[in-house]
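Chains as they are written, first to last, in our numbering: chain B, 1 to 119; chain Z, 1001 to 1266.
Notes to accompany the following structure.
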C-alpha cells in the first residue's frame, strides 16, 4: 500500500476545485467546419499568432540545442512529407500558417510533435 | 499524464485528465521549470468544432494544433491520450515514414478522425482498436461512454492492441478496472518504475474518494477527481493543464496548472 513520503509526495488534496494550484482558465474559440479547411483556422491563428510564434520558437530552440541539424532537416523535408497526410488536415495547417505568418514546415512540425518528442 | 474515468453513481461516468508534457526538453534551473511546458501554457484553448450552427465536439488543445489530445462529443463519448514509451517507439515510426512507408497514422490526425467520423462509443472504440491500423507512435487511449457507465484504457502498440482495461473487470475496488480506470504512462499489467510512480498515489486518492463518498462506493464528483489530479506527484512540474469532462453536457472545463515548490520534476 502506497504511503506518501519525501518532499515530492503528499496526502490527497481536498477542496481544491476550482482555484487551488490553478494559474488560469483558457478561452474558448469556435472552428467552423462548414468553411473549407484552407479557411478554418485563419482568424483564430491570427488572433493568437504571438502565442503560437512563442511556442514554436521554443520548440525550435529546444531542437537546436539537441542537434543543430534537426530543424533545417525538418523544415526542408516536412512540407513535402505533409503532402502525404490527409488533405483536409494539410489544408487546415496551411490556414494556420496563413493566419499566423509562420512557415508551413513549422506548423507541420508542431502537428507531429507527439511523435517527434516521443522519439 | 494521468487520465481517469470513474463511475458517478448516477448511471454515468466522469472523465478527467492531467496533461503532462515537455520531459527532457530543456530545464530552466533559475525558475525551476521545463521550457516547453511553460511555452505551451499560454497557447492552451478550448475549441468548439461547429457544423450547421451546432457544436459537433469540443477539445482542449493548443493553438496551431489541428489534432486531438482531449475531447468530448456530447452524450456520446470522450477521449484522452496518454504518452506511451516503448522500445518500438515513435522513432521507428518516424524513420519508416521518412523512408517512404506512409500507411501509418499520425496520432493527432487519427484522433481528430475519430471525432469527425464517429457518432457513438462503439465506433470510436473500433476505430482506436483496429488491429491492422498502424500508428507512427504507441499510445494509451482512454475512452469513456456518454450512454453507459463504460470507461476503458486501450493500450496501443504501433500495429496492434496489446491490452485493454475496462471498468467492471476488477473486483478489488481500490484498483484500476473496478469502478474506475486510471492510466499514467506505463502499461497497466506492469508495475510503474520507482522513479516515476504516479499510479499508486492516484489509486490511493481514488480509494480515499470512494471511502469518503456518502454512498460508500460508486459515487464521485468532478470536484473529487480534481482533488486527485491536484495531488503531487500526479500534479507535477510537467503538468500543463487539467481537464474535467462532462460527457452528457459536452463540456470540457480546463485549468492551466501550477505545482508549488517542492514539486516533483515529472
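Note that beta-carbon positions come from the ideal geometry of N, C-alpha and C, so glycine has one too.
Give me, in chain order, the residues of the same chain whose beta-carbon lies closer than 8 Å to that of residue i; leave out the 5 immediate sequence neighbours on both sides.
| i | result |
| --- | --- |
| residue 1055 of chain Z | 1048, 1049, 1074 and 1250 |
| residue 11 of chain B | 4 |
| residue 1203 of chain Z | 1174, 1175, 1176 and 1182 |
| residue 1046 of chain Z | 1058, 1059, 1060, 1061, 1252 and 1254 |
| residue 1035 of chain Z | 1022, 1025, 1026, 1027 and 1028 |
Return the first residue and the last residue of the alpha helix (DSSP H) that residue i is part of.
| i | result |
| --- | --- |
| residue 1114 of chain Z | 1107 to 1117 |
| residue 1092 of chain Z | 1090 to 1098 |
| residue 114 of chain B | 113 to 118 |
| residue 1122 of chain Z | 1121 to 1129 |
Does the distance from the C-beta atom of residue i to that of residue j stay below 8 Å?
| i | j | result |
| --- | --- | --- |
| residue 44 of chain B | residue 1043 of chain Z | no |
| residue 1157 of chain Z | residue 1138 of chain Z | yes |
| residue 1230 of chain Z | residue 75 of chain B | no |
| residue 187 of chain B | residue 83 of chain B | Within the shown structure, residues of chain B are numbered from 1 to 119, placing residue 187 of chain B beyond reach of any answer. |
| residue 1131 of chain Z | residue 1161 of chain Z | yes |
| residue 1039 of chain Z | residue 32 of chain B | no |
| residue 1256 of chain Z | residue 1017 of chain Z | no |
| residue 1235 of chain Z | residue 1259 of chain Z | yes |
| residue 1228 of chain Z | residue 1209 of chain Z | yes |
| residue 1136 of chain Z | residue 1168 of chain Z | no |
| residue 1185 of chain Z | residue 1083 of chain Z | yes |
| residue 1116 of chain Z | residue 1134 of chain Z | no |
| residue 1089 of chain Z | residue 116 of chain B | no |
| residue 1237 of chain Z | residue 1205 of chain Z | no |
| residue 1032 of chain Z | residue 1261 of chain Z | yes |
| residue 1150 of chain Z | residue 1009 of chain Z | no |
| residue 1233 of chain Z | residue 8 of chain B | yes |
| residue 1247 of chain Z | residue 1146 of chain Z | yes |
| residue 1243 of chain Z | residue 1070 of chain Z | yes |
| residue 1002 of chain Z | residue 1198 of chain Z | yes |
| residue 112 of chain B | residue 1106 of chain Z | yes |
| residue 17 of chain B | residue 1223 of chain Z | yes |
Here's a check: name, in chain order, each residue in its chain whose Cβ is nearer than 6 Å to the Cβ of residue i, leaving out the five neighbours to either side.
| i | result |
| --- | --- |
| residue 1015 of chain Z | 1005, 1078, 1144 and 1245 |
| residue 63 of chain B | 70 and 71 |
| residue 1164 of chain Z | 1154 |
| residue 1170 of chain Z | 1177 and 1178 |
| residue 1128 of chain Z | 1141 and 1154 |
| residue 29 of chain B | 44 |
| residue 1007 of chain Z | 1013, 1149, 1179 and 1218 |
| residue 1280 of chain Z | With chain Z covering 1001 to 1266 only, the question about residue 1280 of chain Z has no answer from this structure. |
| residue 1166 of chain Z | 1152 |
Between residue i and the rest of its own chain, which residues show a CB-CB distance below 7 Å, the 5 nearest in sequence each way excluded?
| i | result |
| --- | --- |
| residue 1216 of chain Z | In this predicted model, residue 1216 of chain Z has a pLDDT of only 48, less than 50, meaning its place in the structure is not dependable; the value taken from the coordinates is given anyway. So the list is empty, once near-sequence residues are dropped. |
| residue 110 of chain B | 56 and 59 |
| residue 94 of chain B | 38 and 104 |
| residue 108 of chain B | 78, 79, 82 and 93 |
| residue 1 of chain B | none |
| residue 1201 of chain Z | 1231, 1233 and 1234 |
| residue 1072 of chain Z | 1057, 1058, 1078, 1245, 1247, 1250 and 1252 |
| residue 121 of chain B | In this structure chain B extends from 1 to 119, so residue 121 of chain B is not present and cannot be described. |
| residue 42 of chain B | 95, 98 and 99 |
For the beta strand (DSSP E) that contains residue i, what are its first and last residues?
| i | result |
| --- | --- |
| residue 1156 of chain Z | 1151 to 1156 |
| residue 1141 of chain Z | 1139 to 1145 |
| residue 1257 of chain Z | 1251 to 1257 |
| residue 1078 of chain Z | 1077 to 1083 |
| residue 1326 of chain Z | In this structure chain Z extends from 1001 to 1266, so residue 1326 of chain Z is not present and cannot be described. |
| residue 1007 of chain Z | 1002 to 1007 |
| residue 1134 of chain Z | First-last for residue 1134 of chain Z: undefined, no H or E at that position. |
| residue 1162 of chain Z | 1161 to 1166 |
(message) As an exercise, report each continuous beta strand (DSSP E) stretch of at least 3 residues that is fully enclosed by the region 16 to 97 of chain B, in chain order.
(response) 22 to 24 and 28 to 32
(message) Could you tell me which whole beta strand (DSSP E) segments of length 3 or greater appear in the region 1175 to 1240 of chain Z?
(response) 1180 to 1183
(message) Three or more C-beta pairs under 8 Å: does that hold for the region 93 to 101 of chain B against the region 49 to 64 of chain B?
(response) yes
(message) Quick test of the definition: if touching needs 3 or more C-beta pairs under 8 Å, does the region 1108 to 1127 of chain Z touch the region 1173 to 1183 of chain Z?
(response) no
(message) Could you tell me which whole beta strand (DSSP E) segments of length 3 or greater appear in the region 1017 to 1071 of chain Z?
(response) 1044 to 1051 and 1054 to 1062
(message) Short of 8 Å Cβ to Cβ, which residues in the region 14 to 27 of chain B face chain D?
(response) Note that chain D does not occur in the displayed structure, where the protein chains are B and Z.
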